[in-house]
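What follows is a short report on a single structure.
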Ligand SMILES: Cc1ncc(COP(=O)(O)O)c(C=O)c1O
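Numbering (the numbering used here), first residue to last: 78 to 449.
Written out as structure tokens, the structure is:
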């Protein structure tokens, strides 16, 4: 069965390691192994003594217990550790759906959140719940959502904080989503890879898994904690039958988490608040620079302020952002990501990434190119 091209990852495979100034990455600034161990008070010798045998399929029990404690209503057995966060999207699609089922996906979205589901249920059976462009921010339209639900709808796929818009619903909106999935007997698959990346002034909300037992949550260490190289993620699945099916699929995709990642992930979890705050501080700093930049270039860009997460979706008044981005990368060494890669229909938006230390220098280069 065919699957669509993973445009975002093809884009990064082409540009990420050879373009010096990057303005689009979704992850936050990372640390070295030595820095992480030192923050967590773990010695290199201890890491060196780690056995490189297989690990437990569901993940280290202590790690699962610590993760469960970070939610209000989650038990350690509900937590399934993954070998990589993106694996969780494949596993839930495979385990919960059949060809012909319908899925509604909040859109635009990280490619896997659309393409993997299309691969499993059939392209015509994934319906897009589109963000609406508001004045200064993106908005959710619940009337549009309700109109998309049919007798064949099995799952609603959302991602909060949202990549790329930076949208975060209010607690009341999250509860409304819970009511919708409960009323129609849907699974709410909530990708919470950016959980906790709150910008100042944005009220925190619960994890979806603490709001409805119909939620399955994906989370991990890549974005909020700046550790994408660990490839550490987990699913929270409260429905035992669904969890057992996921585990069976997982035997085919990865069997168990990589031992070094699990060790370092557990160390990171001890200092997660420090890592999260570090990411939020970087984002807040970059947001200020971005807002000042867009205020200087109002004719060219449409800026809608993100509320949370590490990305923003920016409108740009050029005939093709794809063409523009290719020229900008080749001639100025500055990378912006056309939002076409994220399933947005027009070619007049790009994703901005706000979590990296190099943002200020990259923005300066971009501005010099614009002013040329
Ligand atoms: C919304 C979302 N979900 C999942 C992932 C996958 O995370 P990872 O690359 O760590 O597997 C990403 C990565 O960009 C993402 O943006």
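Ideal Cβ placement from N, Cα and C applies to all residues, glycine included.
Three or more C-beta pairs closer than 8 Å, one from the region 127–136 and one from the region 257–275: is that the case here?
Cβ pair count under 8 Å is below three, so no.
Using 10 angstroms around the beta-carbon of residue 309, count the other beta-carbons present and answer buried if the total reaches 16, otherwise exposed.
Looking at its Cβ environment, which holds 16 or more other Cβ atoms inside 10 Å, residue 309 is buried.
Runs of 3 residues minimum, wholly inside the region 357–394: which ones carry the beta strand (DSSP E) assignment?
Counting only runs of 3 or more, we get 388–393.
Alpha carbon to alpha carbon, how far is residue 229 from residue 369? Give it in angstroms, no decimals.
The alpha-carbon atoms of residue 369 and residue 229 are separated by roughly 47 Å.
Compare the C-beta of residue 329 against all C-beta atoms of chain D and say whether one is closer than 8 Å.
Considering every chain present, this structure includes no chain D. It has just one protein chain.
Among the candidates 416, 445, 314 and 422, whose CA atom is the shortest distance from the CA of residue 240?
Nearest C-alpha to residue 240: 416.
Would residue 332 be called buried (16 or more neighbouring beta carbons within 10 Å of its own) or exposed?
Exposed, since its Cβ has fewer than 16 Cβ neighbours within 10 Å.
Would you tell me roughly how many angstroms separate the C-alpha atoms of residue 172 and residue 78, rounded to the nearest one?
Straight-line Cα distance between these residues: approximately 16 Å.
Give every residue of the same chain whose Cβ lies closer than 7 Å to the Cβ of residue 438, excluding the five residues on either side of it in the sequence, and list them in chain order.
Closer than 7 Å at the Cβ level, and outside the excluded window around residue 438, lie 98.
Grab the span of the alpha helix (DSSP H) containing residue 152 for me, first residue to last.
Unbroken run through residue 152: none, as it is neither H nor E.
Can you name the start and end residues of the beta strand (DSSP E) that residue 295 belongs to?
Unbroken beta strand (DSSP E) run through residue 295: 292–297.
With a cut-off of 8 Å, do at least 3 Cβ pairs link the region 242–259 to the region 286–293?
Contact between the region 242–259 and the region 286–293 is present, because at least three Cβ pairs lie under 8 Å.
Closer than 7 Å: is that where the CB of residue 232 sits relative to any heavy atom of ligand 1?
Outside the cutoff, so no.
Please classify residue 128 as buried or exposed, where buried requires at least 16 other C-beta atoms within 10 Å of its C-beta.
So residue 128 counts as exposed.
Throw me the rounded Cβ distance for the residue 298 and residue 342 pair, which I believe falls under 8 Å.
The Cβ separation is near 6 Å, so the contact holds.
Tell me which same chain residues have a C-beta within less than 8 Å of the C-beta of residue 409, skipping the five on either side of it?
Cβ within range, chain order: 98, 442, 443, 445 and 446.
The beta strand (DSSP E) with residue 268 in it runs from where to where?
Per DSSP, residue 268 belongs to the beta strand (DSSP E) from 264–268.
Among 231, 208 and 352, which has the Cα closest to the Cα of residue 246?
Here the closest residue by C-alpha is 208.
Does the beta-carbon distance from residue 422 to residue 398 come in below 8 Å?
Result no, Cβ atoms of residue 422 and residue 398 do not sit closer than 8 Å.
Identify, in the order they occur along the chain, each residue of the same chain with its Cβ nearer than 7 Å to the Cβ of residue 431, setting aside the five sequence neighbours on each side.
Within the same chain, residue 431 has close Cβ partners 360, 363, 364, 367, 387, 388 and 389.
Counting C-beta neighbours from all protein chains within 10 Å, is the total for residue 166 16 or more, i.e. buried, or is it exposed?
Flag for residue 166 reads buried.
Would you report the Cα separation of residue 371 and residue 198, rounded to the nearest angstrom?
So the two alpha carbons sit approximately 41 Å from each other.
Could you check which residue in 168, 120, 108 and 329 has the C-alpha nearest to that of residue 306?
The candidate whose alpha carbon is nearest that of residue 306 is 108.
Give me whichever residues DSSP pairs with residue 98 in a beta bridge.
Paired residue(s): 411.
Given a cut-off of 8 Å, decide if residue 233 and residue 265 are closer than it, judged by their beta-carbon atoms.
Yes, the Cβ-Cβ distance between residue 265 and residue 233 is below 8 Å.
I need the boundaries of the alpha helix (DSSP H) containing residue 442, first residue and last residue.
Where residue 442 is concerned, the enclosing alpha helix (DSSP H) stretches over 436–448.
DSSP three-state label for residue 46, please.
The question about residue 46 has no answer here: the residues shown for the chain are numbered 78 through 449.
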